[in-house]
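Asks:
In this note's numbering, the protein residues as written are 32 to 123.
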């Protein structure tokens, strides 16, 4: 399982898998990550979604993984509204 980091390309997502491993010499636990390019045939995932992925045949030079299912959708971003001195509202 991983988290979608980028969803800017059509049917391709960049998924990050984070894990903890122990350093062989010093014994300290170190956070590591693996970045994979994943095929999303239905374009159903967005940035921040937790997805389950599986290895598949090579789809392109960098894509060898596909989305199996969306485990958890990312929470929707709240739109922030600011009032200016003139009394009009601006969206950011």
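Here a beta-carbon is modelled for each residue, glycine too, at the ideal position from N, C-alpha and C.
Just how far apart, CA to CA, sit residue 50 and residue 40?
Replies: Within the chain shown, the letter at position 19 stands for residue 50. Within the chain shown, the letter at position 9 stands for residue 40. For residue 50 and residue 40, the distance between alpha carbons rounds to 26 Å.
Asks: Beta-carbon within less than 7 Å of residue 59's beta-carbon, same chain only, minus the 5 sequence neighbours each way: which residues are those?
Replies: Here the question's residue 59 lines up with position 28 in the chain shown. Excluding residues within five positions, none has a Cβ falling inside 7 Å.
Asks: With DSSP as the reference, please indicate the residues paired to residue 40 in a beta bridge.
Replies: In the chain shown, counting from the first residue as 1, residue 40 sits at position 9. DSSP output for residue 40 lists 43 as bridge partner(s).
Asks: Please name the residue in 107, 103 and 46 whose C-alpha comes closest to that of residue 71.
Replies: Here residue 71 refers to the residue found at position 40 of the chain shown. That would be 46, whose Cα lies nearest to the Cα of residue 71.
Asks: When the Cα atoms are used, what is the spatial distance from residue 37 to residue 103?
Replies: By one-based count along the chain shown, residue 37 stands at place 6. By one-based count along the chain shown, residue 103 stands at place 72. Rounded to the nearest angstrom, the two C-alpha atoms are 16 Å apart.
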